[in-house]
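Everything on this sheet refers to the single structure shown next.
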Amino acid sequence: MITAAKLSIIGRRLLQTLPVIVLSTFIVFGLLKLVPGDVAVTLAGDNASEQRITEIREIYGLDRPFFVQYGTWLWKAAHGDLSNSLVSSEAVLTSIKRCLPHTLLIVSLALLLALIIGIPLGIAAASRPSSWVDSFVMAVASLGVAVPNFWLGMLLVAFFALEMNWLPATGAVAFAQDPWGALRHALLPAVALASGGIAEVARQLRSSLVEILSSQQVRTLHAKGLPPSSILWRHGLKNVSVNLLTVVSLLANRMLAATVVVEAVFAIPGMGSLIVNAAMNRDFPVVQGVVFAMVLIVVGLNLLTDILYSVLDPRIS
Amino acid sequence: MKKFDHMTGALHRREMLALMGGAAAAGTFGLPAFAQDQKKGGILKIAAPANPSSLDPATGGAGSDHSILWTMYDTLVEWDYETLKPNPGLAKWSYPDPKTLVFDIQSGIKFHDGTPLDAEAVKFNIDRGRQDQRSNVKADLTSIEAVEVTGPLQVTLKLKNADSALPAIFSDRAGMMVSPTNIKALGNDTDRKPVGAGPWKFVRWADNEIIVVTRNENYWRPGRPYLDGIEFNIIPELATALRSVVAGQNDMSFALPARLKPVIDRAKNLTTVMSPTLYCIQIYFNHARAPLDNVKVRQAINFALDREAFVKATMGGLGEPAKMTLPSTHWAFDKSIASLYPHDPDKARKLLAEAGFKDGLELTIGGYMDQDSVRRGEVIQDQLGKAGIRLKFSRGTIAEISSQFFATEKKFDLLVSAWTGRPDPSMTYALGFDKGAYYNAGRLAAPELSTLIQESRESEDLTKRAAVFAKIQRFTMENALSAPLAFQFEIDALSEKVKGFKPNLLGKPKFENISLG
Chain G
222 MITAAKLSII GRRLLQTLPV IVLSTFIVFG LLKLVPGDVA VTLAGDNASE QRITEIREIY
282 GLDRPFFVQY GTWLWKAAHG DLSNSLVSSE AVLTSIKRCL PHTLLIVSLA LLLALIIGIP
342 LGIAAASRPS SWVDSFVMAV ASLGVAVPNF WLGMLLVAFF ALEMNWLPAT GAVAFAQDPW
402 GALRHALLPA VALASGGIAE VARQLRSSLV EILSSQQVRT LHAKGLPPSS ILWRHGLKNV
462 SVNLLTVVSL LANRMLAATV VVEAVFAIPG MGSLIVNAAM NRDFPVVQGV VFAMVLIVVG
522 LNLLTDILYS VLDPRIS
Chain H
284 MKKFDHMTGA LHRREMLALM GGAAAAGTFG LPAFAQDQKK GGILKIAAPA NPSSLDPATG
344 GAGSDHSILW TMYDTLVEWD YETLKPNPGL AKWSYPDPKT LVFDIQSGIK FHDGTPLDAE
404 AVKFNIDRGR QDQRSNVKAD LTSIEAVEVT GPLQVTLKLK NADSALPAIF SDRAGMMVSP
464 TNIKALGNDT DRKPVGAGPW KFVRWADNEI IVVTRNENYW RPGRPYLDGI EFNIIPELAT
524 ALRSVVAGQN DMSFALPARL KPVIDRAKNL TTVMSPTLYC IQIYFNHARA PLDNVKVRQA
584 INFALDREAF VKATMGGLGE PAKMTLPSTH WAFDKSIASL YPHDPDKARK LLAEAGFKDG
644 LELTIGGYMD QDSVRRGEVI QDQLGKAGIR LKFSRGTIAE ISSQFFATEK KFDLLVSAWT
704 GRPDPSMTYA LGFDKGAYYN AGRLAAPELS TLIQESRESE DLTKRAAVFA KIQRFTMENA
764 LSAPLAFQFE IDALSEKVKG FKPNLLGKPK FENISLG
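In structure tokens form, the structure reads like this:
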């Protein structure tokens with residue numbers, strides 16, 4: 222349970238995230254400046270002259286020293302102002318507020334799918350190790366890990382959207398406006414995103430369950446005369462819950478990253494599309510803003526995972 | 284599947300052009316005259332390939348903005364869809380003398396916010412284009428000395444030098460009229476809250492997602508527009524954009540690459556529109572230094588290239604082999620130059636030998652990294668290789684490689700890139716071939732050529748101008764100052780209910796003629 226000691230740990234962890242956030246935005250900012258190409262070229266328009274590009278650099282302060290530019294951004298960010306896009310001048314916070322729900326929806330849906338499909342598969346495989354069920358599940362899981370999600374996405378669109386016309390092929394609808402429509406739009410991308418996750422959940426669950434079920438403790442339970450189902454559900458699953466939590470938390474982070482590709486395939490105006498477009502234009506306030514938000518989410522997820530660990534397993538503090 | 288092929292042979296095309304010219308002259312203000320039985324109403328959903336850089340024409344920069352801007356802004360001057368000949372738009376123009384340009388504005392036009400579009404508003408816009416710090420059209424308007432209001436609906440431009448490219452320039456960004464009231468009230472925020480006098484009014488813009496415009500009930504052209512509104516769904520991944528049209532979520536997708544043509548053909552109920560554009564894929568030369576300072580080497584490259592094969596291999600045949608920097612349908616195209624460089628590897632080898640490269644030579648060349656560019660590079664490498672010209676490729680991003688070639692570093696002898704075209708041909712030659720021009724990597728130009736480029740802006744008479752352009756084209760091609768390869772086709776996919784769409788030579792679609800059936 223959450224005690225005062227744990228609260229102070231949480232507080233300390235929150236403080237530790239601060240340098241992580243600053244460092245990650247600094248690295249991204251540095252990378253953007255190192256990569257050839259310049260937002261001034263985009264801003265100056267097609268076939269612009271050198272002179273105009275120099276002028277643009279001055280107008281937008283892009284000619285100032287690296288640390289001054291980064292410092293200005295950081296100072297504003299610390300005061301809650303993530304600046305505006307250099308290219309389209311939309312406030313970065315506005316963009317993030319609009320894009321983030323789309324991304325969160327497909328990632329949560331994908332996680333949910335990974336769990337509700339992956340867990341039964343893992344249990345089925347683990348309860349009869351080396352049976353045909355086990356071999357089948359593991360074969361499916363290997364396939365799931367191997368299939369690239371963008372390719373699966375295109376196949377899903379080709380069949381469910383273009384051929385059968387059951388689901389929309391592209392785009393997204395805001396959940397707040399039309400929950401049912403939003404889910405319909407999010408389903409195919411979530412399936413594409415979940416395929417690797419399903420496989421991973423099934424594999425990890427199987428291996429940890431097999432380990433637990435062949436342990437001394439379980440042998441004792443058998444000896445006590447407990448029915449196998451009760452062993453599996455009450456003792457087995459409880460013991461693997463920490464492992465499962467680790468898998469889920471890693472998956473969530475990885476899925477957030479994978480949205481960059483999946484959103485492009487499905488034309489979802491989420492965080493992935495936002496950062497890809499901004500990075501192409503070297504529109505650094507937007508890139509910085511997205512990285513900032515993503516780091517917050519990932520750090521938050523990790524923190525939540527740590528707290529849940531200690532809830533699930535009192536030995537972890 | 285139905286197909287409207289707008290390139291069914293030169294003769295047919297010329298006949299069609301003649302017909303179109305007559306129709307345009309008969310109609311008021313150059314509106315295409317077919318479209319009698321088009322219905323009003325409906326929302327057109329378009330998959331747009333890029334988020335706009337800005338919705339303020341003066342401050343934006345991307346070539347992909349125009350299609351969106353034209354829904355909200357009308358221009359002082361417009362052009363003929365097939366030839367890009369300038370036509371009157373919001374105003375009629377005249378040159379009382381070569382250094383004076385007068386605009387007579389159509390009466391009774393109002394911006395979406397009710398501000399009258401009069402001489403004051405036009406002066407405000409032109410001055411803003413010339414002077415505003417953020418204006419990206421400054422360079423286009425340098426020949427203007429002063430803008431004077433000479434009547435409630437008349438603006439007179441005093442020019443520093445004769446400049447007959449201005450009408451075409453005012454058909455582009457510089458001619459898109461923005462409400463002065465809006466600029467004064469919002470300043471930089473006009474970028475995201477545009478007010479123009481176009482057929483549709485701005486509703487909303489969410490970055491990378493959607494732009495919505497709705498009918499301007501007080502539009503000055505009677506009976507227009509047909510559509511109640513347009514929704515631009517921004518989908519940069521073009522294969523996805525096309526899928527959205529196949530699935531019926533969008534009605535139209537434009538600027539598609541040739542490699543997606545088979546996908547459009549496979550889809551039921553889609554119409555393909557194909558049409559030539561000014562977008563010219565070409566090899567740029569740095570002809571200020573050896574070995575390309577030798578005209579025979581440059582000519583050898585031009586003879587060694589097989590442009591027909593290039594179009595087949597890199598564009599699936601969907602392009603026009605380029606004989607010069609203007610496509611054959613352009614008003615200033617000159618036929619007599621088209622036969623200068625037939626594919627002739629033997630001739631190329633002979634020229635190289637005359638230039639002292641009996642055993643061929645090696646040249647460095649810059650190129651880009653995307654799939655299409657790489658393929659182009661391979662075909663060029665193969666074709667030139669057959670004439671004994673060995674290419675050493677360096678690849679990178681557009682920004683990186685093009686600045687290494689054009690800016691101060693002067694890397695590579697050659698660059699495979701493209702010229703996106705300009706509303707007036709004189710701009711193409713001034714920016715790409717004149718002395719000191721950025722896109723002339725060697726920066727040198729014969730005085731003769733500079734004089735001709737200046738001369739091309741002196742007369743307002745298009746026939747006279749075309750004669751000067753013919754001389755320029757002959758000069759650039761005879762001296763082989765670059766090697767034009769092919770003009771890209773605009774390829775669009777339309778659902779069956781989209782009626783009346785017409786592509787244009789600029790390759791940036793306008794939607795004013797569309798209705799939904």
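One line per chain: the protein sequences are G and H, in this order.
Every number in the working numbering is 221 more than the matching position in the first sequence, counting from 1.
Every number in the working numbering is 283 more than the matching position in the second sequence, counting from 1.
We treat Cβ as the ideally placed atom computed from N, Cα and C, and that holds for glycine.
Being a predicted model, the structure only gives us computed values, none of them experimental.
Annotation: H/Lys-375 is outside any alpha helix (DSSP H); the continuous beta strand (DSSP E) that includes it extends over 374-380.
Beta-bridge pairing by DSSP links H/Thr-358 to H/Met-459. Counting only runs that start and end inside the region 505-542 of chain H, the beta strand (DSSP E) elements of at least 3 residues fall at 512-517.
With respect to chain G, the C-beta atom of H/Arg-526 has a partner C-beta closer than 7 Å.
A direct Cα-Cα distance of roughly 18 Å separates H/Tyr-722 from H/Val-420.
Going by beta carbons, H/Leu-764 and H/Phe-593 fall outside the 7 Å limit.
Looking only at H/Asp-410, H/Ser-709 and H/Gly-719, the smallest Cα-Cα distance to H/Ala-451 is reached by H/Ser-709. Residues of chain H whose Cβ lies closer than 8 Å to the Cβ of G/Phe-487 are, in chain order, Thr-523. For G/Phe-396, there is no enclosing beta strand (DSSP E), since its DSSP letter is neither H nor E. By the beta-carbon neighbour count (other beta carbons within 10 angstroms, threshold 16), G/Gly-521 is exposed.
The region 420-428 of chain G makes contact with the region 331-344 of chain G; the number of CB pairs closer than 8 Å reaches 3 or more. Between H/Gly-324 and the set H/Val-496, H/Ile-672 and H/Tyr-509, the nearest pair of CA atoms involves H/Tyr-509.
Inclusion of G/Leu-430 and G/Leu-409 in the CB contact set at 7 Å is not warranted, their separation being larger than that value.
Listed along chain G are Ser-309, Ser-310 and Glu-311, each with a C-beta nearer than 9 Å to that of H/Arg-475. Note on geometry: alpha-carbon atoms of G/Ala-403 and G/Leu-333 lie some 16 Å from one another. Classified as exposed, H/Met-652 has fewer than 16 neighbouring CB atoms from the shown chains inside 10 Å of its CB.
Around the Cβ of G/Asp-302, a 10 Å sphere holds fewer than 16 other Cβ atoms; the residue is exposed. At a beta-carbon threshold of 9 Å, none of the residues of chain G lie near H/Asn-408; the nearest stands roughly 17 Å away.
Among the residues of chain H, none has a CB under 8 Å from the CB of G/Leu-373; the nearest is roughly 15 Å distant. For the 7 Å CB-CB criterion, G/Ser-316 and H/Asp-490 form a contact.
Contact between the region 600-613 of chain H and the region 559-572 of chain H is present: 3 or more CB-CB pairs across the two stretches fall below 8 Å. Straight across, the Cα-Cα distance linking H/Leu-436 with H/Phe-407 is about 13 Å.
The beta carbon of H/Gly-344 lies closer than 8 Å to those of Ser-336, Ser-337 and Asn-419 in the same chain, with the five residues before and after it left out. Secondary structure at H/Asp-548: helix, using DSSP grouped into helix, strand and coil. Taking CB atoms only, H/Asn-465 has no neighbour in chain G less than 7 Å away. Every unbroken stretch of the alpha helix (DSSP H) spanning 4 or more residues and falling wholly within the region 457-503 of chain G is given here in chain order: 458-487 and 492-501.
When 8 Å is used as the limit between beta carbons, H/Pro-610 is near no residue of chain G, the shortest such separation being about 18 Å.
In the DSSP annotation of this structure, G/Leu-524 is not part of any beta strand (DSSP E); the continuous alpha helix (DSSP H) holding it starts and ends at 505-533. In this model, G/Gly-510 and G/Leu-524 are separated by some 21 Å (Cα to Cα). Distances from the CA of G/Ala-395 to each of G/Asn-370, G/Ile-327 and G/Ala-347 were compared; the closest alpha carbon is that of G/Ile-327. According to DSSP, residue pairing for H/Met-710 in a beta bridge does not occur. If you draw a straight line from the Cα of H/Gly-397 to the Cα of H/Gln-582, it is about 58 Å long. Taking a C-beta distance under 7 Å as the contact criterion, G/Ala-514 and G/Val-507 do not qualify as a contact pair. Under the Cβ criterion of 7 Å, G/Pro-389 is counted among the residues facing chain H.
G/Val-260 sits close to G/Leu-307, with the two beta carbons spaced by under 7 Å. Secondary-structure assignment with DSSP links H/Lys-675 through a beta bridge to H/Thr-647.
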